[in-house]
Amino acid sequence: MSASAVLEVEDLEVHYGLGRKRRRVLDGISLAVASGEAVGVIGETGSGKTTLARAVLGLVPFSRGRVVIDGQDVSNASARQWRDLRRRGVVQYVFQDSLRSLDPDLPVAKSLIEPLLIQGIPRAEAAARARAFLDRVHLDAELLDRLPGALSGGQRQRVAVARALVTEPKLIMLDEPVSALDSANRVLVLEILKGLRESGVALVFISHDLGSVAGLADRIAVLYQGELVEVGPTRSVINNPGHVYTRLLVDSVPTLRSAAAKRSERESLRALLHA
Amino acid sequence: MAFAASPAITDSPVAEAVLSVRDVHIRDQVTGREIVHGISFELEPGKVVGIVGESGSGKTLTCRAALGILPDQLEVYAGSITLAGHDIAELSVKQWTGLRGSTISAVFQDPSSYLNPSIQVGPQIAEVIRVKKKVRRREARDQVLQLLRSVRLRNPESVYSQYTYELSGGMLQRVLIAAAIAADPKVLIADEATTALDVIVQAEILDLLADLRERTGLALVVVAHDLAVVAQLCDEVLVIRQGEVVEHGTTADVLYRPRHEYTKLLISEHEQYGLDRFLDAPQRERA
Amino acid sequence: MIRRVLALPAGRIAVGTLSAIVLLAIFGSALAPHNPLATTSAQLRHVSGGHLLGTDYLGRDTLSRLLAGSRASIVGAIEVALIAFFVGAIPGILSVYLGRVFEWLTLRLVDTLIALPFLLVAVAVTALLGNGMTVALLVVGVLLGPGFYRISRAAALTVARSQYVEAAQISGASLSWIVRSHVVSKVLPPISVTMASTVGTGFVVVSSLSFLGIGVQPPAPTWGGMLSSDLNYLSYQPWAPVAPALLIIATVWACNLLADAIRDVSGDAGRVFVSARAKRPLAQGGA
Numbered sequence: 336m337s338a339s340a341v342l343e344v345e346d347l348e349v350h351y352g353l354g355r356k357r358r359r360v361l362d363g364i365s366l367a368v369a370s371g372e373a374v375g376v377i378g379e380t381g382s383g384k385t386t387l388a389r390a391v392l393g394l395v396p397f398s399r400g401r402v403v404i405d406g407q408d409v410s411n412a413s414a415r416q417w418r419d420l421r422r423r424g425v426v427q428y429v430f431q432d433s434l435r436s437l438d439p440d441l442p443v444a445k446s447l448i449e450p451l452l453i454q455g456i457p458r459a460e461a462a463a464r465a466r467a468f469l470d471r472v473h474l475d476a477e478l479l480d481r482l483p484g485a486l487s488g489g490q491r492q493r494v495a496v497a498r499a500l501v502t503e504p505k506l507i508m509l510d511e512p513v514s515a516l517d518s519a520n521r522v523l524v525l526e527i528l529k530g531l532r533e534s535g536v537a538l539v540f541i542s543h544d545l546g547s548v549a550g551l552a553d554r555i556a557v558l559y560q561g562e563l564v565e566v567g568p569t570r571s572v573i574n575n576p577g578h579v580y581t582r583l584l585v586d587s588v589p590t591l592r593s594a595a596a597k598r599s600e601r602e603s604l605r606a607l608l609h610a
Numbered sequence: 005m006a007f008a009a010s011p012a013i014t015d016s017p018v019a020e021a022v023l024s025v026r027d028v029h030i031r032d033q034v035t036g037r038e039i040v041h042g043i044s045f046e047l048e049p050g051k052v053v054g055i056v057g058e059s060g061s062g063k064t065l066t067c068r069a070a071l072g073i074l075p076d077q078l079e080v081y082a083g084s085i086t087l088a089g090h091d092i093a094e095l096s097v098k099q100w101t102g103l104r105g106s107t108i109s110a111v112f113q114d115p116s117s118y119l120n121p122s123i124q125v126g127p128q129i130a131e132v133i134r135v136k137k138k139v140r141r142r143e144a145r146d147q148v149l150q151l152l153r154s155v156r157l158r159n160p161e162s163v164y165s166q167y168t169y170e171l172s173g174g175m176l177q178r179v180l181i182a183a184a185i186a187a188d189p190k191v192l193i194a195d196e197a198t199t200a201l202d203v204i205v206q207a208e209i210l211d212l213l214a215d216l217r218e219r220t221g222l223a224l225v226v227v228a229h230d231l232a233v234v235a236q237l238c239d240e241v242l243v244i245r246q247g248e249v250v251e252h253g254t255t256a257d258v259l260y261r262p263r264h265e266y267t268k269l270l271i272s273e274h275e276q277y278g279l280d281r282f283l284d285a286p287q288r289e290r291a
Numbered sequence: 140m141i142r143r144v145l146a147l148p149a150g151r152i153a154v155g156t157l158s159a160i161v162l163l164a165i166f167g168s169a170l171a172p173h174n175p176l177a178t179t180s181a182q183l184r185h186v187s188g189g190h191l192l193g194t195d196y197l198g199r200d201t202l203s204r205l206l207a208g209s210r211a212s213i214v215g216a217i218e219v220a221l222i223a224f225f226v227g228a229i230p231g232i233l234s235v236y237l238g239r240v241f242e243w244l245t246l247r248l249v250d251t252l253i254a255l256p257f258l259l260v261a262v263a264v265t266a267l268l269g270n271g272m273t274v275a276l277l278v279v280g281v282l283l284g285p286g287f288y289r290i291s292r293a294a295a296l297t298v299a300r301s302q303y304v305e306a307a308q309i310s311g312a313s314l315s316w317i318v319r320s321h322v323v324s325k326v327l328p329p330i331s332v333t334m335a336s337t338v339g340t341g342f343v344v345v346s347s348l349s350f351l352g353i354g355v356q357p358p359a360p361t362w363g364g365m366l367s368s369d370l371n372y373l374s375y376q377p378w379a380p381v382a383p384a385l386l387i388i389a390t391v392w393a394c395n396l397l398a399d400a401i402r403d404v405s406g407d408a409g410r411v412f413v414s415a416r417a418k419r420p421l422a423q424g425g426a
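Protein chains in written order, with our numbering: chain A, 336 to 610; chain B, 5 to 291; chain C, 140 to 426.
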């Protein structure tokens, strides 16, 4: 495990439900993310990708394994320790749907500085600090007086990214950060994230769509039925996938150049996977 | 108009077009605002036309116009739509009922909202067949099972008697496709039909559509916001932006020789951030 | 929110009516032209210069009694609503946060209370504990509490499960931070609606109780009590019950109107959006 790892997950296991309904959602997940590294966690609906993110953030208890954030082992952290850790703002999270993750009744300026206010920073100072991040997300300060509903989807998602930045985190987890945006805004947000990665922030993308984050991820981790079936550098996962599921995934992503050529290949991979 | 449809496509139809949309303009009757500023394409049997654009670009409205289900305050006020030889502006309500399902049909983004959650899915499709084809209950059931098999559902008998909440999004979309092709339409419109699905399921549905086209000669209109989705199975692509067709040509032309900035943006996004960046040398010979 | 309520005509009428009635409650006794308790030999008089609304069966001036009686009725109604608020809304919000045991206990208690007819129980309790208005109001207030409990719990539950609360948690927000900055603003509108309509209900209850002779001792005037005694002399003064009845109706109606106005302005974002859109065509048509 490298010394610069911001996030280390070791042999993580998560169960949902009690008694007879108890079932395993994540099994034996091990993953390390270094600072300045972007990792894409790819999985379909129900694969456990969101649970993984929630477990790392301490929102879901895990039954086995170890999570280390920025050198601090949080596996047995109490509620109070979690709160202190979160308050430091080391880890931030960007939700898929910014319309739901920003309070609809508060001007976005208030949502933007909320993490700083929670830290106990006075309002004026918090506002001044937050303003410094507006340029980075190409956001006009005038928009901040509006309610989230009065912004376009792209502007709103950039507010959500700026909100994640104000505490200067070392790790940002993003849940489908661009899938709800139109192309122009998708490119804009991806550019912003690229800049962040270069400035040393570790990024973890959680997505069902390999195609939407491949260009930004240094490594890809493929989650299938609660297990990491493949972890490796993006190029090698895409060009030489090991697991059948990954092969089907790569073949299924719509690309401009490949088109229908792979239909029969997908057909046989599906048969193989369901066998 | 900022665009001109490639003469190669519109002027020399290979066969009689089942759906032809000619310079259609759609406007809001109340405000007088024009939303779609002239869109044209010809759809021949067995062909696939793709329409790419953001939400709100007018791609869905164009489809709705072709289906005769525009929202009340919107109207086609210039241009014409011809469906299997009928000018749709002259169709009576009764004629429309006859054409929908048996000539033109559609599937949309959210399949569960088109099925009744308190009735098993099979009988709902059987109902359509009984009305459209005037067959007995027993026979309708057999035909539904046949349809469910043809959309590659693994266990048609059990799907028949399941409710919407027991089926996954991909399975529901297959059921909807089965219902849409129940009365053997000539044209199927798939409006963002795979948008809400996981990538692997999306590919399954797109493969199914390609398969149906080959087997039955079904003509398709595939509408999506992702150029790559459309590129998977279309012969011809229209790129719409704010109600305006900014690019119209064969798929290869649009992908390899884009003229408009917006199309170039869509392509560069895939090249920069998509899988294309990592795939081995592009297969230019297709062009 | 107050400004938005006043922007609606219904809101202005309701607020105007209620402030007039509140002013009556405060200054009523001072404005009364006669001593409301003084009996005279001029019994059951018709409307005249000296007695603007006539006199009752003991020769007391009706107008003075109405003015003096307003305070007891209105203060009683507000007391009922405040008691209901404290025993209902606060546990309602806390039930979402204080764990399963508290949640279970309060829910069962509310189920029990809601099954009791509040007026009957109030009558029964005063029969047991002696004829006092305070006891009766307390009982009614507690029995109206479940309304507040359910409304505030529902609102708090929606907020607690929202992503913006989770986002605040991820930033290390404490429970009190979440309640202060996110929950209160969402719970306030539905609580205000319940408050306004509960004041109306409380008003009916106080009037009904005094009509039945519970709470206020005979010589002291109340609107409900006056209505009751006027009814006994209906053959002499058929118009007499109209004045207290109209006041009661106006007050309750104004409370309900206010509740409606608050509900209208605090509608969810979607409704605000719809109304904004509906206005646009008019604006453009006029331009």
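Each residue gets a CB set at the ideal place from its N, CA and C atoms; glycine is no exception. All figures in this text were calculated on a predicted structure; none of them were measured in a lab.
Looking from the CA of threonine 340/C, the closest CA among Gly215/C, Leu162/C, Met140/C belongs to Gly215/C. Along the length of the region 346 to 374 of chain A, whole beta strand (DSSP E) runs at least 3 residues long occupy 358 to 369, reported in chain order. For phenylalanine 287/C, the closest alpha carbon among the candidates Leu246/C, Ala261/C, Gly352/C, Gly271/C is that of Leu246/C.
With a threshold of 7 Å between beta carbons, tyrosine 81/B makes no contact with chain A. When only Cα atoms are considered, glycine 530/A and histidine 473/A end up about 12 Å apart. Membership of glutamate 240/B in the beta strand (DSSP E) is indicated by the continuous run 240 to 245. Between arginine 399/A and arginine 592/A, the alpha-carbon positions lie close to 44 Å from each other.
Boundaries of the beta strand (DSSP E) harbouring glycine 83/B: 78 to 87, taken from the DSSP string. Spanning the alpha carbons of aspartate 544/A and glycine 378/A requires a straight line of approximately 8 Å.
Shown here for arginine 605/A: same chain residues with a beta carbon closer than 8 Å to its own, the five before and five after excluded, namely Leu583 in chain order. For histidine 41/B, the uninterrupted beta strand (DSSP E) segment begins and ends at 38 to 47. Contact of valine 241/B with chain A is not assigned, every C-beta pair being separated by 7 Å or more. When 9 Å is used as the limit between beta carbons, valine 522/A is near these residues of chain B: Leu269, Ser272, Glu273, Gln276, Tyr277, in chain order.
Glutamate 526/A sits in a helix when the DSSP states are folded into three classes.
Check the Cα spacing between threonine 267/B and each of Thr220/B, Asp114/B, Glu248/B: the tightest is with Glu248/B. Contact between glutamate 208/B and glycine 174/B is confirmed by a C-beta separation of about 6 Å, below the 8 Å threshold. Those residues of the region 301 to 321 of chain C placed with their C-beta closer than 8 Å to a C-beta in chain A are Ser301, Gln302, Tyr303, Glu305, Ala306, Ala307, Gln308, Ile309, Ser310, Gly311, Ala312, Ser313, Trp316, Ser320, His321, ordered along the chain. Look at glycine 375/A: its C-beta is not under 7 Å from any C-beta on chain B.
Assignment of beta strand (DSSP E) within the region 383 to 443 of chain A, counting only whole runs of 3 or more residues, yields 399 to 404, 426 to 429 in chain order. Close to aspartate 362/A, with beta-carbon spacing below 8 Å, lies no residue of chain C; the smallest spacing is near 25 Å.
Under the 8 Å Cβ criterion, the region 283 to 298 of chain C does not count as touching the region 258 to 273 of chain C, having fewer than three qualifying pairs. The DSSP-derived three-state label of phenylalanine 224/C is helix. Put simply, of Gln33/B, Ile185/B, Ile244/B the residue whose alpha carbon is nearest the alpha carbon of alanine 110/B is Ile185/B. Of all residues in the region 187 to 216 of chain B, only Asp202, Val203, Ile204, Val205, Gln206, Ala207, Glu208, Leu210, Asp211, Ala214 place a beta-carbon less than 8 Å from a beta-carbon of chain A.
Using a Cβ-Cβ cut-off of 7 Å, serine 324/C counts as an interface residue toward chain A, since at least one Cβ of chain A sits closer than that to its own. For glycine 278/B, the secondary structure class from DSSP, reduced to helix, strand or coil, is coil. Residue environment: leucine 237/B is assigned as buried (16 or more neighbouring CB atoms within 10 Å of its CB, all protein chains considered).
Glu58, Ser59: these are the residues of the region 49 to 63 of chain B whose beta carbon lies less than 8 Å from some beta carbon of chain A, given in chain order. Setting aside the 5 residues that flank it on each side, glycine 489/A is surrounded in the same chain by Leu516, Asn520, each with a C-beta closer than 6 Å to its C-beta; the list follows chain order.
When the five nearest sequence neighbours on each side are left out, the beta carbons in the same chain lying within less than 6 Å of the beta carbon of leucine 396/C are those of Ala149, Ala153, in order along the chain. DSSP places alanine 70/B in the uninterrupted alpha helix (DSSP H) bounded by 63 to 71.
Taking the Cβ atoms as the reference, leucine 170/C lies roughly 5 Å from leucine 206/C, within the contact range of under 8 Å. Each of Val304/C, Ile353/C, Ala398/C, Ser291/C was checked against the Cα of glycine 227/C, and the nearest Cα belongs to Ser291/C. Distance from the CA atom of valine 234/B to the CA atom of arginine 134/B, rounded to whole angstroms, is 34 Å. Beta-bridge partners of methionine 508/A (DSSP): Tyr428/A, Val539/A. Rounded to whole angstroms, the Cβ separation of alanine 307/C and glutamate 449/A is 6 Å, and the two are in contact under 8 Å.
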